[in-house]
DNA sequence: ACTTGGCACTCGGGAGACCGGAGTGCCAGG
DNA sequence: CCTGGCACTCCGGTCTCCCGAGTGCCAAGT
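Protein chains in written order, with our numbering: chain A, 1 to 336; chain B, 1001 to 1336.
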């Protein structure tokens, strides 16, 4: 149905269109790629490709441009992830290695991705619910107010204030802290949440009231507040020309956490996934593509990162960049 | 030199242009405002205003639009900060009161400002060097690695890892922690930095090596790393039409921390300051205006926040919003 | 059964011509 | 000093025209 040459034609169309941003015609194709057939032949192939929905012409008698379906085929069968040269890898590595802090790692990652791909970069903070507790700290800040600090193995620090009913003595705090850390350190957040219920047994009865207040805040932090943190960068890379209905729509979408979550959303964690145009079930981002991958310190992905750009984007390079960066970020996180 | 009517004309021009985004002519002026003179008279006034550089005509035989200088006069002498109704204040208050966390406060503030003004909002995190130490925590995470957590009274939490030369015993950590908190809690960060040098005397000699490692990291955190954190929101409010050289330039500027710092930059802390057009000495933002104010829990400003938009912006409202939000944010921070 | 050159056809979009309308500056009279 | 009148300017929308790139189809060639 689609012989080799037709596929080659599609590939050529995608490549040319991506680099020139102009509809590509049969003549230009045979010139720029060394297909040794005549333009007329190409035209026939194009007619077939168009009939099957891989390409369209913006108006009669213009060149062709790929459809979402065309890009999909290109990504799935006609291109390979562009691997990064060792020099490039080294640059990535040193750029990320300078980070001194989780915030810093994430910020740098976003910048790096945006720069490498010249697209908008999106990076999610390591998901709370896949991390484990490294330490829990209680600090008295006022008579009946404690500051609770939760530190995860991925370096995230969550802090909340706890209002207690009565005054809490220094000793009680010390004890509570010891109990909390003894039981919860090293646990997955989900596990920790499950364990909290049993903890009050270990607390002297007269302190239970205050302890319960602490527990419930911890619980809240662990499970309820699953608002994931996401950072966006490189918005300046959005070229107005690429979006028919204006940047406005896209910029708006990029400010919604929920939307971003859905964008990176599902998909196999380990691999680089590509979502093209209307495949993004997000109002307003139907004209964009997302290349995403999971990253993590171990085998399992902690969170996602990716880039967003016009469907007309350089997929092989973007995929290469996303893959490479995801790897190194994972590595950096594992070290710290 | 500029009599009352001429000033009234300027004010009217600014107001009309802000709301319509079209050059305003003499006829339209007398219609929309009840200046009881004829268009011809207004034309004469306009000629004077133009000669003095307060307005220009984009091309011969078009209406006039204000220059930066015109906006400046308008802001300084022809307008008043629009105060917020109590209903609006209440809305602001409850919106911010829901925050449970410094990050959350800042995020909400940005969103709120952006929404109130329909402009880009910029909020700086409470400056480290004007806060004081609330608590310092040391957590062992590996044999020769400690996690240092610094909590400030404004709720900022900074964390760094410390590599020590030798193993540190549990007791040594406890002691070190006690010393640190005894000496540094409640101090301004600058003071604290100064005190650190004297601290090693209080440490048993055999622990000094490790302690020094910790001290130097604290010092670094306190003084060297003065990278201020800034958050931007509402970029979608930028209307492409308002920027001759395209959004690109503006978006790019908004991604540079340094640029943002300079934008909010100097100016009297307590008051709302306005910087109009070319008054912003920032390449690429010469066509925008910034309305900023300091906010803080006490009398002294901890940091700045503001909005950025086209010079053609509704200054009274923007100033009102910035002032009101700054107040409430300060209040919220003081409470937590 | 493909491939190819030839040819007529279709549009998009840029260049020019045209015109209306909004707005101005100036002047002379109140 | 204000006002009505008047001639002038020029922006911006519309219309037309035309070129050129690109196509689809067909008939002939391999």
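Ideal Cβ placement from N, Cα and C applies to all residues, glycine included. Since we're looking at a predicted model, the values are computed, not measured.
C-alpha gap between residue 331 of chain A and residue 275 of chain A, whole angstroms: Distance between the alpha carbons of residue 331 of chain A and residue 275 of chain A: 26 Å.
Bridge-paired residues (DSSP) for residue 1304 of chain B: Bridge partners of residue 1304 of chain B: B:1294.
Cβ shell of residue 1025 of chain B (< 7 Å), same chain only, five flanking positions each side left out: Here the set comprises 1063.
Any C-beta of chain A under 7 Å from that of residue 1248 of chain B: Interface residue, yes.
Limits of the alpha helix (DSSP H) - the one that residue 332 of chain A falls within: Membership of residue 332 of chain A in the alpha helix (DSSP H) is indicated by the continuous run 315-335.
Neighbouring residues, chain A, relative to residue 1233 of chain B (Cβ below 9 Å): For residue 1233 of chain B, the neighbours in chain A by C-beta distance under 9 Å run, in chain order, 255.
Classification of residue 313 of chain A by the beta-carbon crowding that lies within 10 angstroms, buried from 16 upward: So residue 313 of chain A ends up on the buried side.
Residue 1057 of chain B (DSSP reduced to helix, strand or coil): In this structure, residue 1057 of chain B counts as coil in the three-state DSSP scheme.
The stretch 1012-1025 of chain B / the stretch 1063-1074 of chain B touching (three or more Cβ pairs under 8 Å): Touching, yes, given that three or more Cβ pairs across the two stretches are closer than 8 Å.
Whole runs of the alpha helix (DSSP H) within the stretch 1181-1258 of chain B, excluding any shorter than 4 residues: Taking only runs of at least 4 residues, the alpha helix (DSSP H) segments lying wholly in the stretch 1181-1258 of chain B are 1189-1199, 1208-1219, 1247-1254.
Boundaries of the alpha helix (DSSP H) in which residue 1115 of chain B is found, first to last residue: Counting along the chain, the alpha helix (DSSP H) containing residue 1115 of chain B begins and ends at 1102-1117.
Closest residue to residue 1188 of chain B among B:1222, B:1206, B:1261, B:1167 (Cα-Cα distance): It is B:1222.
Chain-ordered chain B contacts of residue 101 of chain A [CB-CB under 8 Å]: Those are 1158, 1159, 1160, listed as they occur along chain B.
Beta carbon proximity, residue 135 of chain A to chain B, threshold 7 Å: By this cut-off, residue 135 of chain A is an interface position.
Contact set for residue 1255 of chain B: own chain, Cβ-Cβ below 6 Å, skip 5 residues either direction: The beta carbon of residue 1255 of chain B sits closer than 6 Å to none of the beta carbons in its chain outside the five residues before and after it.
Contacting residues, own chain, Cβ-Cβ under 7 Å from residue 59 of chain A (five flanking each side not counted): Once the five neighbours on either side are set aside, residue 59 of chain A has no close Cβ partner at all.
Own chain partners of residue 1247 of chain B with C-beta closer than 8 Å, once the 5 adjacent residues on each side are dropped: Around residue 1247 of chain B: 1238, 1240.
Between the CA atoms of residue 260 of chain A and residue 293 of chain A - distance to the nearest angstrom: Cα-Cα distance, rounded: 14 Å.
For residue 285 of chain A, three-class secondary structure by DSSP: In the three-state DSSP reduction, residue 285 of chain A falls in the coil class, being neither helix nor strand.
Cut-off 7 Å between Cβ atoms - residues of its own chain near residue 1095 of chain B, not counting five sequence neighbours on either side: The residues 1108, 1112, in chain order, have a CB closer than 7 Å to that of residue 1095 of chain B in the same chain once the five nearest residues on each side in sequence are set aside.
Beta-carbon neighbours of residue 1205 of chain B, restricted to chain A and to distances below 8 Å: Those do not exist, as residue 1205 of chain B stays about 27 Å from chain A at its closest Cβ, beyond 8 Å.
Start and end residues, beta strand (DSSP E) containing residue 1150 of chain B: It spans 1145-1152 - the beta strand (DSSP E) in which residue 1150 of chain B sits, taken as one unbroken run.
Any chain B beta carbon closer than 7 Å to residue 236 of chain A: Residue 236 of chain A has a beta carbon lying within less than 7 Å of a beta carbon in chain B.
Option in A:290, A:216, A:296, A:198 with minimal Cα separation from residue 72 of chain A: Put simply, of A:290, A:216, A:296, A:198 the residue whose alpha carbon is nearest the alpha carbon of residue 72 of chain A is A:290.
Residue 1240 of chain B: contacting residues in chain A (beta-carbon distance under 8 Å): Taking the beta carbon of residue 1240 of chain B as reference, the chain A residues within 8 Å of it are 240, 246, 247, 248, listed in sequence order.
Chain A contact for residue 1228 of chain B (CB, 7 Å cutoff): So, not an interface residue.
Contact set for residue 1213 of chain B: own chain, Cβ-Cβ below 6 Å, skip 5 residues either direction: A distance below 6 Å between beta-carbons, with the five flanking residues on each side excluded, links residue 1213 of chain B to the following residues of its chain, in chain order: 1162, 1164.
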